[in-house]
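Numbering-wise, full-length UniProt numbering puts 769 at position 769 of the sequence shown, and it's gapless, one number per residue.
Each residue gets a CB set at the ideal place from its N, CA and C atoms; glycine is no exception.
Below is one structure, written out as C-alpha cells, with a few remarks after it.
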Amino acid sequence: MIGRGPPSATQEENSVPVPPLKTPESFPFPYAKPYDIQVDLMRVVFEAIECRKIAIVESPTGTGKSLTLLTSTLTWLKADQQRLKDHSRAEFEKKLTEAGNDDPPWVIAHTVKTHLEELEAKEAEINARLARAREKELWRKREPKLIKFGARNKRLRTTGPEHESDGSPRAINKSGQDRSEDEEDRFLPLDTGSSATKATDPDDNISSEVRALLRQFQPKATEEDVVEEAKSKIFYTSRTHTQLRQLTSELLKTTFARLPDQERPDADAKGAKAADLEVSIDTAPTRMVPLASRRQMCINEKVQEIGRTKGDDRMNEACLDLQKADVKKGRCPYLPPKDDQEAILEYRDQILAMPKDIEDIVQLGKEVHVCPYYATRNSIKQAELVTLPYNLILQKNARESMGISLKDQIVVVDEAHNLIDTLLSVHSVSISLKRLETALGQLEVYLQKFKNRLKSEHALHVKQMVSVVKGLINVARTWAGEAVDGKSAKTAKEQMFGINNLMNQMRGGADQVNLVSLCRYLKESQLARKISGYAEKLEEDIKDKNGGRASSYSAISAFHQVEAFLHSLTDADVDGRIILSRSVALPDDTASDIESSRVTLRYMLLNPAEHFQMVIDEARCIVLAGGTMEPLSDFYLQLFPSIPRSRFANLSCAHVIPKENLLTQVILQGPSKRDFEFKYDKRGDQSLLVELGTLVANMVNLIPDGVVIFLPSYSFLHQLQAVWKQNGTLQRIDVKKKLFFEPQSSAEVETILTQYAQAIAMREQKRTGAIMFAVVGGKLSEGINFSDELGRCVIMVGLPFANMGSIELKERMKYVGGLPNAGKNAGLELYENLCMRAVNQSIGRAIRHQSDYAALLLVDRRYSTPRISSKLPKWIGQDIKVGNFPDAVRNVAGFFKSKKTNGPAILQN
C-alpha cells in the first residue's frame, strides 16, 4: 500500500482523512499483455500522483509512452473519483455530528442519504446530457443539415446592412462615417483598482466592456460547475499541436474513450432514448478538451485574414473588437448573445461527449456556428483531460487568460527534454531600437491627442512610459554610436548588461520609475491595447487620405512588445541579463541603419526555476516524460534546486526491442587510420573530410535501405558537400544510394521526406536505397520518424557543441556554475549536456517500434570516453562497441547479414 502523500491545501484540518489508493495489480491497458517496462512506468506514475511527487521518466520512442502515460494517469483519476464519492458520506456525517445536531442517528442517516442522492442525481444528469450529445453527434454525421444548436435553429446566418451574406461582419467604412462622435473614448485607459479591471484578462487585455460580454457568454457558475472544477484533472502538455493530435488517437485506443454498452451501435437498445440511459462515471468516456490559440481555433474568415496579413497580435485585437459590438454594429456572428446560452452549452457538451482533436472541434464549430476558441475555454471546468501546448501552461498570464487553475491537479509534460530551453525562450523578450522609436511615436501622438481627457493618474503613467521608452532609446543609441570596451561601434556586435545596470544608464528620470507599479498599471489599464488601437485608427485614416500608401504607424504590435520587455525587467537582477546587439552591417547601410533598425535589446532569462516554481507549488503531481531525458543533472540543478530528492520518482525504461536489434558502434579511426575527432578547429580540415567520405562510401555498400547522417552544423554540411563533390565522393555514394540534403526552408521538408521515402521504396537505377544528410538541432532532428526502411542506420558525425564564444552561453554557464548546489564543473556540465541532449534526440529518430532494427554509428573518438558515453540514453549505452574502421565494417556487415538471414529478433515478454 502506498503511504499517504501530503494533504491537499483545500482539505480542512479536522476533516475525515482521505484513504490512500493502492497501486492496481493490473492496469486497463488496451493490449492483452503490456511489456514489463510499460507496467513499471504505469506503477511509477500512479504512485507519484498518489504521493504528490515529481516523476521524471524516460521511455524510448516506440515503447508506447503516450499510451502508457494516459492509462496510468486516467486509472488514478477514475480511482480518485470513486474514492471521493465514497469519502463524501463519512465527511458529511462528521460535519452533521459536529454541528451540535441533536437529531437522532436515523435522521442524520436519512439526511446523508438524501444529500448523496442529490449528488448522484447531478452526476447522472451530466452523464445523460453527454449521452444525448453523443446521440446528436451520430445523427449529425448522418444528416448534418438536420442538427442545429439552440437559437441557431432560427438564425444560422445573421444578415443585414452590417453583415456580408455569409454572416461575417461587413468592414466598417474607413472614412469614419459609421463611427459615432464619441468613438475615440474607447481609446482611453481603463481606471485601475475597479472591479472591472481586477477581472480583466492578463493575456488578452480585454476591456471591461468585453469582459462583461464574456460574462454573458459564459454561463453563471452552477453547483454543477463548482463540483466539476473541484475534481482533479490531467493537464497533458507537449510542444506541438501535431504531438497532441497523436495523443487523441492514442486515447481512442483505450477503455477510457469507449462508449457505454447502452450506446454502442451493436447494443440492443431499440426504442431507448439517450435521456433514459444511466451512464456512470466509471463507464462514460473521458471528458477531454484540447486547447489552442486563436490561430488554430478562430472560424471568422475576416479575423483569420487579419492574422495572416498582420500577425497574431492584430488578430487578437480584431477578435476582441468584434466582441464589443452588438449585432447591428458588426459583432462577431460566432459568439452567441446573452439570450442564446443553449447554443454554447450544447456545443460544450458536444466537445466533451467524445474525445476530439482540434480539427474536429473547428469543423463542428463551423457547422453549428459557434466560436471554438471560447467554447473550449468554457469546457475546461467539466473536463477530465485537458491537452495544450507548452506555452499555455508555462506562462502565468497564459494560464490566467485560459482560466486554468493547477491547484491540486496533475501536470504531464511530454517531450520534457525541451522544458528548460522552452522556459528560457518563452520568458526571453527582444525588441529592436526601431520598434522602440515606433512605440515612442505612438505614445507622443496619443498623449498629445488625449492629454486634456486623461485623468491625472493616467496622464502620470503615460508620461512615465514616455520617459522609460526614451531612456531605453538613449541607452541603445549611445551604445550604437560610442566605443564599447575599447572597440569601435562599427565592430562591437554585442554587450551584456545587468538589469540594474541598464536602469542606471537610462536618463531623463526613467531610472526613478517604479517598473513593478508601472507594469501593474499597464495590465489593469490595458494601455498597450488602447495606444495600439488608436495607432491603427490613424494608420487607416492616413492610408485613406493617401490613397492606400503605408504610414509610419504600420507597426501595430510595437507597444505590446514594449510592455512585454518592461515586464521582463521586473525580474530579479540575478535572474536575467540584457544583451545589446547589432547585426553585421551591410555595404549599403546608412549611419541611420546602423544606429536604428539593426540594434536590438534582448532580455535573456537565466533562472527557469523561478517561473516553474509556480507550477510546482500548485500542482498535485508533475510528470516529466520523454524518449531521451538524459542527462538528468540539468533538471535537478536548474528546475528543482530547492526540492529534496525524496520527492522525486525516477524511471529510465529499457527499449522494447531485444538487444540483437540494435548495434551501437563508436568508430575511432577511418580507413587510413586517421583519428576521427571533429573538434571545431578541425572541421575545416579537408583530409579529415576525405577520410569521412571514404568511411561513408564503404558503409553504404553494407547498409540496406535508408541511411541518415547527422552533422554538427549547416556550415559543416556545406563544407562536406564542396569537398566530396570535388573529389568524387558524392558521385560514388550516389551510385549506391540516392542523395538528399536537409532543405533550407521548412516548407520543403515534407516534399524532401516524401521523395526520400519513394527513393527507398523504388530502388531506382539499381540503388539499394537513399541517404539523407541532416543537421543536429535542425528541421529533421526532432519530430521526424525514420522508422523501418527509412532509417536502417543513423550516422552521427562529431559532437555538436555550441559556440563557446557566444556571450549568452558564457553567461548561462557562469550562472549555473554559481548556483548553491552546483558542483565544481557545473558550467562545463551544462555545456556538455546541451550537446548530448541534441545528440540523443537525433539518434532517437531510428528505432520507432518493437520489431524495428537499426545500426547507430558514432563517428568521433570522444564517444568512447566515459564522460560522454555516460550521457547517452541507457537503452543505447548498455552495449556499445568501440573500434576502428575494420571493426566497424565487420560489425555492421554481420549485423545486417543476420537480419537478412533470420529477420529481426522478437522480444519475448
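What ranges does the alpha helix (DSSP H) occupy inside the stretch 756 to 832, keeping only unbroken runs of at least 4 residues that lie completely in it? Runs found: 807 to 817.
Given this structure, state the Cα-to-Cα distance separating K897 from T255, to the nearest angstrom. Distance between the alpha carbons of K897 and T255 is about 42 Å.
Candidates V708, I56, L188 and E367: closest to E137 by CA position: Considering only alpha carbons, the answer is E367.
Contact defined as beta carbons within less than 8 Å: I believe L440 pairs with A476. What is the distance between those atoms, to the nearest angstrom? At roughly 12 Å, the Cβ-Cβ gap does not stay under 8 Å, so L440 and A476 are not in contact.
Is DSSP giving E677 helix, strand or coil here? The answer is coil: DSSP assigns E677 none of H, G, I, E or B.
For S532 and H560, the rounded distance between their alpha carbons: The alpha-carbon atoms of H560 and S532 are separated by roughly 8 Å.
Is it a yes or a no for the stretch 507 to 522 touching the stretch 532 to 542, going by three-plus beta-carbon pairs under 8 Å? Taking 8 Å as the limit for Cβ pairs, the verdict is that the stretch 532 to 542 does not touch the stretch 507 to 522.
Which of the three DSSP states is assigned to N452 in this structure? Here N452 sits in coil by DSSP.
Beta-carbon separation of A257 and I410 under 8 Å? With respect to I410, A257 sits apart: the two C-beta atoms are not nearer than 8 Å.
Smallest Cα separation from Q246: which of M297, P60, E359 and Q323? Out of M297, P60, E359 and Q323, E359 has the C-alpha closest to the C-alpha of Q246.
Report the three-state DSSP secondary structure of L514 (helix, strand or coil). Leu is not the amino acid found at residue 514; the sequence shown has Asn there. Coil.
On a CA-only basis, which of V462, E457, T438 and E437 is nearest K449? Give me that one, please. Closest option to K449, Cα to Cα, is V462.
Out of curiosity, what's the CA-to-CA distance linking C298 and F565? Straight-line Cα distance between these residues: approximately 28 Å.
From T664 to L753, what does the alpha carbon distance come to, in whole angstroms? Between T664 and L753, the alpha-carbon positions lie close to 25 Å from each other.
Can you tell me whether R52 is helix, strand or coil according to DSSP? Looking at R52 - three-state DSSP - the assignment turns out to be coil, as it is neither helix nor strand.
Integer-rounded CB distance, given that V816 should sit under 8 Å from A826: Approximately 5 Å separates the beta-carbon atoms of A826 and V816; this is inside 8 Å, confirming the contact.
S806 burial status per 10 Å Cβ neighbour count (16 or more: buried): So S806 ends up on the exposed side.
Rounding to the nearest angstrom, what Cα-Cα distance links S869 and P631 in this structure? Using only the alpha carbons, I get a separation of about 11 Å.
Taking the alpha helix (DSSP H) that K396 falls in, what are its first and last residues? Annotation for K396: the continuous alpha helix (DSSP H) segment containing it runs K396 to M402.
Compute the beta-carbon to beta-carbon distance between A838 and G791, rounded to the nearest angstrom, for a pair I have assumed lies under 8 Å. Contact flag wrong, Cβ pair sits at about 17 Å.
Do P24 and R83 have their C-beta atoms within less than 8 Å of each other? Going by C-beta atoms, P24 is not nearer than 8 Å to R83.
I think I54 touches R647, with their Cβ atoms under 8 Å apart; what is that distance to the nearest whole Å? Their Cβ separation, rounded to whole angstroms, is 6 Å, which keeps I54 and R647 in contact under 8 Å.
In this structure, does DSSP put E58 in helix, strand or coil? Note: E58 maps to strand in three-state DSSP.
Would a check of beta-carbon distances place P712 closer than 8 Å to chain D? Going by chain labels, chain D is absent from the structure shown, which holds only one protein chain.
Pick out whichever of S583, V707, E524 and V362 has its Cα sitting closest to the Cα of N300. When S583, V707, E524 and V362 are compared, the shortest CA-CA separation from N300 is found for V362.
Please report the Cβ distance between R295 and P389, rounded to the nearest whole angstrom; I am assuming they are in contact, meaning their Cβ atoms lie under 8 Å. In this structure R295 is not in contact with P389, their Cβ atoms being roughly 11 Å apart against a cut-off of 8 Å.
In this structure, how does DSSP classify K381 when only helix, strand and coil are distinguished? Coil.
What did DSSP end up calling I657 once you bin it into helix, strand or coil? Three-state DSSP puts I657 in coil, outside helix and strand.
Can you confirm whether the stretch 620 to 630 touches the stretch 54 to 73 when touching is taken to mean that 3 or more C-beta pairs between the two stretches lie within less than 8 Å? Flag = yes, the stretch 54 to 73 and the stretch 620 to 630 touch.
Considering only the alpha carbon of each residue, which of L522, A625, L419 and I657 lies closest to R192? Per the sequence shown, residue 192 should be read as Thr rather than Arg. Answer by Cα proximity: L522.
Should S842 go down as buried or exposed, given a rule of 16 or more other Cβ atoms within 10 Å for buried? Buried: at least 16 other Cβ atoms inside 10 Å.
C-beta contact flag for L711 and F635 at 8 Å: No, these two residues do not count as a Cβ contact at 8 Å.
What is the C-beta distance between A383 and L345, in whole angstroms, given that I count them as a contact (C-beta under 8 Å)? 15 Å between Cβ atoms; not a contact.
Nearest to M503 by CA position, among T751, D573 and L443, is which residue? When C-alpha distances from M503 are compared across T751, D573 and L443, the shortest belongs to D573.
In terms of residue numbering, what span does the alpha helix (DSSP H) encompassing Y714 cover? Note, Y714: alpha helix (DSSP H), Y714 to N727.
Endpoints, beta strand (DSSP E) assigned at A625: C621 to G626 is the span of the beta strand (DSSP E), which, as asked, contains A625.
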